[in-house]
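Chemist: For the sequence shown, UniProt numbering gives the first residue as 1, with consecutive numbering after it.
Take this structure first; my questions come after.
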Amino acid sequence: MKLIYSAALGVLTGIAAVLLHMFYPPIGLTLSILGSAATIWAIGRHFGARKFKLIASLAWSFILWRASTFGVGSELLVQGNAQGSALVFVGLLALFIVIALPA
């Protein structure tokens with residue numbers, strides 16, 4: 001059950017980050033990265049294991065990957081501009097750091 005809960009929170013956090021990163025450019029990007037890192041960290045603290053942080057981060061990364069590729073109608077949710085690139089690079093870097101922190 002913890003596995004499913006971690007994956008679901010990772011998916012929801014990824015969706016929130018993708019939708020929030022373009023809102024009011026410096027603020028939305030900062031909120032999406034900090035919110036994602038805080039949520040993944042809280043999952044690890046709640047369950048007391050690093051593997052649940054890893055599962056949530058993988059779910060977050062899957063959502064980011066799907067939002068960065070073209071959809072059926074050629075829509076793109078994470079664009080190749082400064083905000084999109086920062087979300088991908090800094091977001092993944094923040095999640096790697098959070099995973100490395102002790103649970």
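Glycine is no exception: its CB is placed at the ideal position from the N, C-alpha and C atoms.
Treat the numbers as computed from the prediction; the structure is a model and nothing was measured.
Out of Leu92, Lys2, Met1, Thr13, which one is the CA nearest neighbour of Thr39?
Modeler: Out of Leu92, Lys2, Met1, Thr13, Thr13 has the C-alpha closest to the C-alpha of Thr39.
Chemist: Identify the continuous alpha helix (DSSP H) that holds His21 and give its terminal residues.
Modeler: First-last for His21: undefined, no H or E at that position.
Chemist: From the DSSP output, in three-state form, read off Gly44 for me.
Modeler: helix
Chemist: When you compare only the Cα positions, how much space is there between Ile27 and Lys51?
Modeler: So the alpha carbons of these two residues sit roughly 30 Å apart.
Chemist: Buried or exposed for Val18, please, with buried defined as at least 16 other CB atoms from any protein chain shown within 10 angstroms of its CB.
Modeler: When all chains shown are included, Val18 counts as buried.
Chemist: Taking its Cβ as the centre, do 16 or more other Cβ atoms sit within 10 Å of Val78, making it buried, or is it exposed?
Modeler: buried
Chemist: Looking at C-alpha atoms only, which residue of Tyr5, Gly10, Leu3, Ser6 is the closest neighbour of Ser61?
Modeler: Gly10
Chemist: In angstroms with no decimal places, state the Cα-to-Cα distance between Lys53 and Gly71.
Modeler: 28 Å
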